[in-house]
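Here's the structure we're looking at; comments come further down.
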Amino acid sequence: MAELKYKRIVLKISGEGLCATGGDGIDADELRRIGEEIRGVVDLGVELCLVIGGGNIIRGGDLAKRIAIEEVAAHYMGMLATVINAMALQEILESLGIPTRVQSAIAIDRVCEPFVRRRAIRHLEKGRVVIFAAGTGNPFVTTDSCAALRASEIGADVLLKATKVDGVYTADPETDPEAVLHKHIGYDQVIDARLQVMDLSAMVMCQQNRIPVIVFNLKKSGNMRAVAQGEEVGTLVDAG
Ligand code: UDP
């Protein structure tokens, strides 16, 4: 097997990766497609952790604006949504023959393990994909922060952030036709310009712990494997 550029990878997938474009909930075809894309990464022989968002079901901040509940409760609801997505991912991956474990930051012991760092590393060493659910377990942040935190904790070589665009642009590519894709950009540039890559605190944590971040398009088939293999896909964010 060729030398791997990244041996231990944290892959962040937004909840909307599991639903059809413009839809919500979990779409059977999208779930299977993501499962097959992930299988392409697992087949490389890397140690893989997944962090799944919950935005296809609930985003705490949005929900609290729409209905009369305390924002903090809405964030916990968002975290629980990520557990639902993690279970869906686990089921599809196992149906494809990939052994997995779900570890949740909020104890839900009927359906998954609690997050235990050493145990997560042991699973990786045994060739299991570890799916981190319930974000950080704390309200007012997002699963991007969870991805940065877990990547730092388990000593990941890279954090791959799957998005619906090709990477980091000079402006929003969905509204500005002049927007240009950055192939390589520094943490400082992202932080100073407040570029919408991931939560600011998540980016700062990656910088502090020297975790390179690669932003790539989830909707392009084969992209996930290519980026995990170290091909020049999307935008690399590092010390520059
Ligand atoms: N959330 C939280 N703490 C965390 C992670 C997530 O409170 O550590 C809540 C937050 O309300 C967030 C929701 O869970 O909006 C869903 O996560 P996220 O927005 O990251 O999902 P994505 O947009 O990636 O699908």
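So in the working numbering, the last spot in the sequence shown is 243, and the numbers never skip. Just so it is clear, CB atoms sit at the ideal spot from N, CA and C, and this is done for glycine as well. Because the structure is a prediction, the values reported are computed rather than measured.
Verify the contact flag: residue i, CB atom, against every heavy atom of the ligand UDP, threshold strictly below 7 Å.
{"i": "C149", "result": "yes"}
{"i": "T146", "result": "yes"}
{"i": "M206", "result": "no"}
{"i": "P142", "result": "yes"}
{"i": "S155", "result": "no"}
{"i": "R36", "result": "no"}
{"i": "A76", "result": "no"}
{"i": "R42", "result": "no"}
{"i": "E19", "result": "yes"}
{"i": "A165", "result": "no"}
{"i": "T85", "result": "yes"}
{"i": "M82", "result": "yes"}
{"i": "I111", "result": "no"}
{"i": "I29", "result": "no"}
{"i": "T24", "result": "no"}
{"i": "I61", "result": "yes"}
{"i": "G58", "result": "yes"}
{"i": "T139", "result": "yes"}
{"i": "G158", "result": "no"}
{"i": "G233", "result": "no"}
{"i": "G64", "result": "yes"}
So, is residue i buried or exposed, given that buried needs 16 or more other C-beta atoms within 10 angstroms?
{"i": "E230", "result": "According to the sequence as given, residue 230 is Val; it is not Glu. By the neighbour-count rule (16 or more Cβ atoms within 10 Å), V230 is buried."}
{"i": "E50", "result": "buried"}
{"i": "G26", "result": "exposed"}
{"i": "F118", "result": "buried"}
{"i": "K68", "result": "exposed"}
{"i": "I95", "result": "buried"}
{"i": "I16", "result": "buried"}
{"i": "H187", "result": "exposed"}
{"i": "E33", "result": "buried"}
{"i": "G58", "result": "buried"}
{"i": "E235", "result": "exposed"}
{"i": "Q93", "result": "buried"}
Taking 8 Å as the cut-off, decide whether the C-beta atoms of residue i and residue j are in contact.
{"i": "A165", "j": "L221", "result": "yes"}
{"i": "L163", "j": "F219", "result": "yes"}
{"i": "M227", "j": "V44", "result": "yes"}
{"i": "A137", "j": "M82", "result": "yes"}
{"i": "I134", "j": "I12", "result": "no"}
{"i": "P102", "j": "R131", "result": "yes"}
{"i": "G243", "j": "G189", "result": "yes"}
{"i": "I194", "j": "A154", "result": "no"}
{"i": "I111", "j": "I157", "result": "no"}
{"i": "A91", "j": "L7", "result": "no"}
{"i": "D2", "j": "S148", "result": "This structure leaves residue 2 out entirely; the chain is present only between 4 and 243."}
{"i": "S204", "j": "V144", "result": "yes"}
{"i": "K10", "j": "D241", "result": "no"}
Ignoring anything shorter than 3 residues, give me the beta strand (DSSP E) runs that lie fully in the region 34-115, in order along the chain. 50-55, 103-107
In chain order, which continuous runs of the beta strand (DSSP E) of length 3 or greater are located wholly inside the region 125-196? 132-136, 161-166, 187-189
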